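K.L.:
For the sequence shown, position 29 (counting from the first letter as 1) is numbered 19 according to our numbering, and the numbering increases by one without interruption.
Quick reminder that beta carbons are idealized off the backbone N, C-alpha and C, glycines included.
This one's a predicted model, so the numbers in the text were calculated from it and none came from an experiment.
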Amino acid sequence: MDENRPGGPGESLRERKKRETRQRISNVATVMFREHGFDRVTVAEVARAAGVSAMTVFNYFPRKEDLFLDRIPEAVAAFAGAVRDRAPGEPPLAALRRLAFRFIDARHPLGGVGENFGGFWPVVADSPALRARAREAVEEVERALAGALAEAGLADPELAAAVTVAAYRSVCVTSVRRQLAGDPFAEIVADHRERMAAAFDALERMVGQPGSHLP
């Protein structure tokens, strides 16, 4: 997705340049995929438009699909990191709930709702390759989250990760469909928040782990 993401405070000049190059390539690819369709644009064409070699593109994005679904590493790191970096004594599901609502309130692409997402999801829907990669991304997030939950001492981390990711995905998919249908955005966001809160309430009852109930 074509949105800039600042680096951390300790980012070196070399790291910043690499991040900016990666973002530029992804931005160029996103525009081209939206205009022409994912399957009609080649990596070589993206490379030429971005002013880099095809090899450089693959250095940053191992697969063509990752040019468009470029937030997969961020999603994996965010969900596992929310558990690993939670405050002392904070239940893992409380940390995940907090992450979910931070994404929603910031209109972050990983939160499932945003005024400018309308041009993104039709591209995914129109490409079997992107749909397949999106399913793989869900599995990657689930595996990483299961690992973090295991470190946190949950009795059945694989099950907890599976139901958490499934619930989160279900809420987001419903909201995306409503956005594509043209429903009023304010209503979508309000309903999205309510359904996300209900999902975490159910997860906490299932896992037996109370969390912080955000509005």
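1. So what does DSSP say about Asp(-8), is it helix, strand or coil?
2. Closer than 8 angstroms by C-beta to Thr46: which residues in its own chain qualify, once you throw out the five before and the five after it? Chain order, please.
3. Report yes or no: do three or more beta-carbon pairs, one from the segment 119 to 137 and one from the segment 55 to 71, lie closer than 8 angstroms?
4. In the DSSP assignment, the alpha helix (DSSP H) including Ser165 goes from what residue to what residue?
5. Per DSSP, what kind of secondary structure is Ala127 in: helix, strand or coil?
6. Just the Cα atoms here: how many angstroms apart are Ser43 and Gly71?
7. Measure the alpha-carbon distance for Ala150 versus Ala136 and round it to whole angstroms.
8. In angstroms, rounded to a whole number, what distance separates the CA positions of Val33 and Leu57?
9. Anyone know if the C-beta pair for Leu193 and Ala157 falls short of 8 angstroms?
P.N.:
Reading from the atomic positions:
1. A caution first: Asp(-8) carries a pLDDT of 41, below 50, which makes its placement in the model unreliable, though a value can still be read off. Reduced to three states, the DSSP call for Asp(-8) is coil.
2. Thr11, Ile15 and Ala37
3. yes
4. Pro147 to Ala171
5. helix
6. 33 angstroms
7. 7 angstroms
8. 9 angstroms
9. yes
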